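These notes concern the structure reproduced below.
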């Protein structure tokens, strides 16, 4: 398998590169500048809006670590994801996007998204970010000419913990443990992304994941 990683020199992108190569997956590193690059893959140095199909054509998947995780950097119309979908339309290359817990459903009845529940208290900045994510996801759901999938973290994504190595996939409902925990470390989240690629994510679906307590 060969994958391209948008944001391969970001903190999470570098972790994806290392984990993928550890599992024998070939990588293509899509970066806007030649800084903090690791791994053994082919390097494509371009702004994300300038990527062409020739840059990605030999890849089975493109992982977008940028659009939702750094959505405040972009306007809602200029996410790297939209250019990626236009570039890959009607091709066999699939897209796996790192998403947000904001647009997971809060319960199995699927009446409310997490962002609309009273149990989740957000400050103004986080509320704005989450609203942008929800709007972008709704737009993504209208796209059918590229086989996309979304992997969402639970409520708490710890950017510093090493992780337990034990993960549990779920559907588009917020994953919560028996003790009410909804948590994963960035290390376990990256592991989950590679495991999901090996399983083969279902197209046009949103998948969530949380860490299992030891």
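Residue numbers (this note's numbering): 1 to 214.
Every residue, glycine too, gets a C-beta built ideally from N, C-alpha and C.
Please read these numbers as outputs of a predicted model, since none were measured by experiment.
By how many angstroms is the C-alpha of residue j removed from the C-alpha of residue i?
i, j, result
"residue 60", "residue 208", "21 Å"
"residue 137", "residue 103", "7 Å"
"residue 186", "residue 91", "31 Å"
"residue 109", "residue 145", "29 Å"
"residue 141", "residue 168", "24 Å"
"residue 37", "residue 8", "7 Å"
"residue 194", "residue 125", "30 Å"
"residue 71", "residue 84", "15 Å"
"residue 139", "residue 82", "10 Å"
"residue 27", "residue 87", "19 Å"
"residue 35", "residue 179", "42 Å"
"residue 74", "residue 191", "27 Å"
"residue 94", "residue 147", "5 Å"
Hey, residue i and residue j are a contact pair by Cβ (cut 8 Å); roughly how many whole angstroms apart?
i, j, result
"residue 32", "residue 96", "With a Cβ gap of about 20 Å, residue 32 and residue 96 do not count as contacting."
"residue 203", "residue 149", "6 Å"
"residue 45", "residue 5", "At roughly 13 Å, the Cβ-Cβ gap does not stay under 8 Å, so residue 45 and residue 5 are not in contact."
"residue 174", "residue 154", "6 Å"
Just reading off the beta strand (DSSP E) that residue i is part of, what are its end residues?
i, result
"residue 96", "94-98"
Could you pull the DSSP bridge partners for residue i from this structure?
i, result
"residue 105", "113 and 173"
"residue 3", "27 and 61"
Let me check you understand the geometry: is the CB of residue i closer than 7 Å to at least one non-hydrogen atom of the ligand FMN?
i, result
"residue 56", "The ligand FMN is not among the ligands present in this structure, which contains no ligands whatsoever."
Could you check where the alpha helix (DSSP H) with residue i kicks off and where it finishes?
i, result
"residue 86", "80-88"
Tell me the start and end of each unbroken beta strand (DSSP E) in the stretch 138-213 that is at least 3 residues and wholly inside, in chain order.
148-152, 156-158, 167-170, 183-185 and 205-211
Minimum length 3: unbroken beta strand (DSSP E) runs contained in the stretch 5-72
26-31, 42-45 and 61-64
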